[in-house]
Amino acid sequence: MGEKTNKKGSISYAKWGYIFIAPFFIIFAVFQLIPLASTIYYSFFEYYRSGLKVIGPSFVGLKNYMTLFATDLPKYFGNTLLLWIIGFIPQIAVSLLLAAWFTDLRLKLKGQTFFKTVIYMPNLIMASAFAMLFFALFSDNGPVNAVLVGMGILKQPFSFLNTVWGNRGLIGLMNFLMWFGNTTIMLMAAIMGVDPTLYEAAELDGCTPNQMFWKITIPLIRPILVYVMITSMIGGLQMFDVPQILTNGKGGPDRTSTTMIMYLNNHLFSKNYGMAGAVSVVLFLVCAVLCVIVYMSLTKEDDGRSKAERKALKGGKK
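According to this note's numbering, the sequence shown is numbered sequentially starting from 1.
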């Protein structure tokens with residue numbers, strides 16, 4: 001006679017896992033998934049307000065997208081990418097340098113806690129307050145111009161806010177000052193996670209600090225570098241508050257500091273929901289494509305092959 005299994009005493013705990021994670025998926029669906037689907041849906045419609053009259057929604061297909069690319073969207077995308085590069089290149093360079101200094105036990109730097117606090121403090125300041133501060137400092141009659149003229153460096157005040165590269169330079173400087181502290185802390189954590197015995201072995205083999213940095217540190221902190229690069233790129237493409245306040249919403253001079261989110265805000269302000277949806281979808285696709293490119297280019301192994309290529313090669317050998 002076979003043994004009978006008693007299933008009455010067995011308890012399934014799987015349902016409790018679904019119950020605990022359900023709030024996340026509900027909130028995600030209500031506040032992100034449904035608005036995203038709605039944005040994509042209305043991007044194919046003519047839907048705007050003209051005075052008190054609401055036009056649409058009327059299906060127009062790809063007309064909104066064609067209008068965007070036929071007008072100034074490529075220019076605003078170029079502005080956004082350029083402003084991000086101006087702020088990100090010095091940010092990653094200075095952050096890597098500071099992280100290497102702070103984690104190098106041979107330097108024995110004093111007051112590290114104080115300097116870490118100082119470099120992180122700008123990250124706690126609101127972007128709007130930071131922009132207003134720079135607006136006051138670099139105005140034509142501001143203290144920066146007064147100091148430069150007083151020292152004889154300039155014969156007359158330089159109009160930072162009314163020149164193309166002066167304005168772009170200020171936006172890049174603000175983004176650098178606001179975020180390099182946060183990047184430094186993350187890179188420090190990544191470097192501190194590297195096995196110290198690797199540096200000791202490299203030092204015994206006669207490697208210089210420069211060689212150890214490029215051959216050991218950089219390859220081993222690559223995952224954090226990828227994270228920093230992707231998050232910074234997403235934040236840069238969504239740049240709005242700093243140029244909006246610094247240029248008084250005009251993106252001047254000659255709209256050379258107008259970003260894609262500022263362009264989107266103009267359509268939302270004018271109640272043109274169809275065009276605003278099209279801008280949002282384009283921005284989403286651009287972010288996705290650039291993030292994939294960055295991820296694939298920075299996650300290659302020493303032989304130049306990506307993880308996917310390496311896996312495919314192993315499968316072919318089998």
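Just so it is clear, CB atoms sit at the ideal spot from N, CA and C, and this is done for glycine as well. A quick note: this is a predicted structure, and the numbers were derived from the prediction, not measured.
- With a cutoff of 9 Å on beta-carbon distance, residue 293 and residue 246 are scored as not near each other.
- With fewer than 16 other beta carbons inside 10 angstroms of its own, residue 165 counts as exposed.
- With distances taken between CA atoms, residue 280 lies nearest to 260 out of 132, 296 and 260.
- In this structure, residue 161 lies near residue 135, with their beta-carbon atoms less than 9 Å apart.
- Rounded to the nearest whole angstrom, the CA to CA distance from residue 284 to residue 178 is 24 Å.
- Two segments are said to touch when three or more pairs of C-beta atoms, one from each, lie closer than 8 Å; by this definition the stretch 264–273 does not touch the stretch 105–115.
- A Cβ-Cβ contact shorter than 9 Å links residue 237 with residue 80.
- Per DSSP, residue 49 lies in no alpha helix (DSSP H) segment; the continuous beta strand (DSSP E) that holds it begins and ends at 45–50.
- By the criterion of at least three beta-carbon pairs nearer than 8 Å, the stretch 185–197 is in contact with the stretch 218–236.
- Listed in chain order, the non-local C-beta contacts of residue 103 below 7 Å within the same chain comprise 188, 191 and 192, local neighbours out to five positions each way being set aside.
- Within the stretch 161–203, the complete alpha helix (DSSP H) segments at least 4 residues long are 164–192, listed from N- to C-terminus.
- Assigned with DSSP and collapsed to three states, residue 53 falls in strand.
- Straight-line spacing of the CA atoms in residue 150 and residue 163 works out to 22 Å.
- Inclusion of residue 69 and residue 57 in the CB contact set at 9 Å is not warranted, their separation being larger than that value.
- For the pair residue 98 and residue 197, the CB atoms are not nearer than the 9 Å cut-off.
- A Cβ-Cβ distance of about 5 Å is found for the pair residue 180 and residue 95, placing them in contact under the 8 Å criterion.
- By a beta-carbon distance limit of 8 Å, residue 278 contacts residue 64. Their separation comes to about 4 Å.
- At least 9 Å separates the beta-carbon of residue 216 from that of residue 291.
- Residue 239 is classed as buried because its beta carbon has at least 16 other beta carbons within 10 Å across all chains shown.
- Short of 6 Å from the beta carbon of residue 267, and not among the five residues preceding or following it, lie these beta carbons of its own chain, in chain order: 275 and 276.
- In its chain, beyond the 5 residues on either side, no residue has a beta carbon closer than 6 Å to the beta carbon of residue 173.
- Only buried fits residue 92, as 16 or more other CB atoms lie within 10 angstroms of its CB.
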